[in-house]
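In the working numbering, the protein residues as written are 13 to 545.
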């Protein structure tokens, strides 16, 4: 199975993994009280299903929403009783989810290749945040990349390897509309043909055959996420985006598909190894055949370039704030989908997008939303939230979120008009209820089907699940104390009732200062929406 991974380093670069099976807050950015019957205070929350039969399914949806995006983990105790039901303590307790088959599969998908981990560690050591506080030095720039003749060579510093590579200009500047393409020279030959270079330019600038209307990748991304630094041609004075196509060795490993390096926006006076330009670095190995993965990577990384301008550069002012990593990566994965490289596409859907979304949905309780550790699931959680916002509020709202100078939770709350904690819990419910018949529209995705099969490149016909529970209890009598990460969602599922009342008590630890809870009942049987408490 092929894994595509991006690493995100805000200051250095962004690089390129329902049913038992399956709240409001007081400020724009804060956590939420429980939706429905949840309540917003610490302590105990109780739910009752008066007659809980064998065909029904009840799922507790719990979100830990502290005031800060980073906080200590919280404990929650869930105790369920179904009168006259056999106690799970008599031998019926479900296996620990970390040891279940789903947990084992997730653990495998979370393993980062050694070469990717090494690159990440090296890049973090090279980050220079002090430069950001000094402000810009608007040195005189000139359109130097377009001055290089076709066939001539120059050099670029490659941040992922710490080495300088020799590249060749692949075309005359007059032959392209939107890009200037350079290719690494290996054993005397460029790693990309001129024909491919011109094809990349066409699909980025004027005609992307995967796009719903044929719009070029660059134009589509700009229309949804705003533009790169373009005033005066940006750092390099060019009106075209620079593409540097590298070998797998040159870019830092076969698992690295591409990256955008924010440090290139600074002058060499500030950062001596800056390449001084609006530049995307791509692995040439993924521009063979129909170039699907390579072009998807272009959309992903170009969003990062645009985001860096919208949030920090502000057309050369250098006076902004970086976007939260998870939100930024979620926008980049959404950019892949919006440019035609989604789960449904000619020749099969996007394997990276699928693996990322599945990785999160298999164990959402394992991932604090605002902690980004470069696992596939970290990309998945960001994508799914941005996809939910896109589907519920429309592409215009995504554009406002992307182009506003604000960042993070406050920005999303302001642009949607809904407190972030409430929206976050609505999203948690959508990840469970999307495949459930009769679920309210705001708890579903309009343009994504969960618990559905997709034809995915390299994977074949595979299922994208709805959110899977951390615990299941059948029969529904159990007591569990679980640890919940900040801004993570936990699902606990109960089934196999005997017709007596189901009573569920949730006791929140003292560290769980803000929480959101709901109880979803599928009735008369699994797969049909019954009620939401």
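Beta carbons: idealized from backbone N, C-alpha and C, even for Gly. Since we're looking at a predicted model, the values are computed, not measured.
Does DSSP classify residue i as helix, strand or coil?
i           : result
residue 398 : helix
residue 59  : strand
residue 527 : strand
residue 347 : helix
residue 220 : coil
residue 450 : coil
residue 507 : strand
residue 228 : coil
residue 367 : helix
residue 83  : coil
residue 483 : strand
residue 254 : strand
residue 387 : coil
residue 352 : coil
residue 333 : coil
residue 244 : helix
residue 413 : helix
residue 64  : coil
residue 521 : coil
Just list the residues that DSSP pairs residue i with in beta bridges.
i           : result
residue 491 : 91
residue 381 : Looking at the DSSP assignment, residue 381 forms no beta bridge with any residue, so it has no partner.
residue 534 : 69 and 541
residue 501 : 75
residue 516 : 59 and 92
residue 170 : 175
residue 361 : 468
residue 165 : 180
residue 496 : 86
Rounded to the nearest angstrom, what separates residue i and residue j at their Cα positions?
i           : j           : result
residue 414 : residue 471 : 32 Å
residue 348 : residue 477 : 21 Å
residue 123 : residue 373 : Here the model assigns residue 123 a pLDDT of 40, short of 50, so the residue's position is not dependable and the matter cannot be decided.
residue 494 : residue 188 : 57 Å
residue 403 : residue 393 : 15 Å
residue 350 : residue 196 : 30 Å
residue 438 : residue 455 : 6 Å
residue 300 : residue 166 : 24 Å
residue 264 : residue 411 : 33 Å
residue 209 : residue 185 : 12 Å
residue 324 : residue 247 : 14 Å
residue 66  : residue 514 : 11 Å
residue 157 : residue 259 : 21 Å
residue 60  : residue 500 : 24 Å
residue 295 : residue 176 : 16 Å
residue 534 : residue 483 : 17 Å
residue 450 : residue 496 : 30 Å
residue 159 : residue 168 : 16 Å
residue 58  : residue 420 : 32 Å
residue 503 : residue 72  : 6 Å
residue 355 : residue 378 : 24 Å
residue 272 : residue 253 : 12 Å
residue 386 : residue 217 : 30 Å
residue 317 : residue 441 : 32 Å
residue 220 : residue 308 : 11 Å
residue 46  : residue 423 : Note that residue 46 scores a pLDDT of 42, beneath 50, so its modelled location is shaky; the value from the coordinates is reported in the next line. Their backbone Cα atoms lie some 22 Å apart in a straight line.
residue 199 : residue 179 : 12 Å
residue 213 : residue 428 : 35 Å
residue 512 : residue 444 : 25 Å
residue 436 : residue 465 : 26 Å
residue 540 : residue 505 : 15 Å
residue 536 : residue 447 : 16 Å
residue 164 : residue 335 : 38 Å
residue 203 : residue 344 : 26 Å
residue 2   : residue 468 : Beyond the ends of the chain as shown, which are 13 and 545, falls residue 2; an answer cannot be given.
residue 229 : residue 460 : 22 Å
If residue i sits next to residue j, beta carbons under 8 Å apart, how far is it from one beta carbon to the other, in whole angstroms?
i           : j           : result
residue 321 : residue 240 : 5 Å
residue 288 : residue 279 : 6 Å
residue 255 : residue 191 : 5 Å
residue 292 : residue 313 : 5 Å
residue 518 : residue 56  : 7 Å
residue 384 : residue 337 : 4 Å
residue 181 : residue 207 : Their Cβ separation, rounded to whole angstroms, is 15 Å, which puts residue 181 and residue 207 out of contact at 8 Å.
residue 224 : residue 328 : Actually they do not touch by this definition, with Cβ atoms about 33 Å apart.
Compute the minimum distance between the beta carbon of residue i and the heavy atoms of the ligand FMN, and state whether it is under 8 Å.
i           : result
residue 513 : As presented, the structure is devoid of all ligands, the ligand FMN included, so that no description of it is given.
Determine, for residue i, whether the minimum Cβ-Cβ distance to residues of chain C falls below 9 Å.
i           : result
residue 453 : This model lacks chain C altogether; it includes just one protein chain.
Minimum length 3: unbroken beta strand (DSSP E) runs contained in the segment 172-218: 175-181 and 191-198
Complete alpha helix (DSSP H) runs within the segment 260-326 (minimum length 4 residues, chain order): 260-263 and 304-320
Length-filtered (4 minimum) alpha helix (DSSP H) runs lying within the segment 420-477: 420-428 and 432-445
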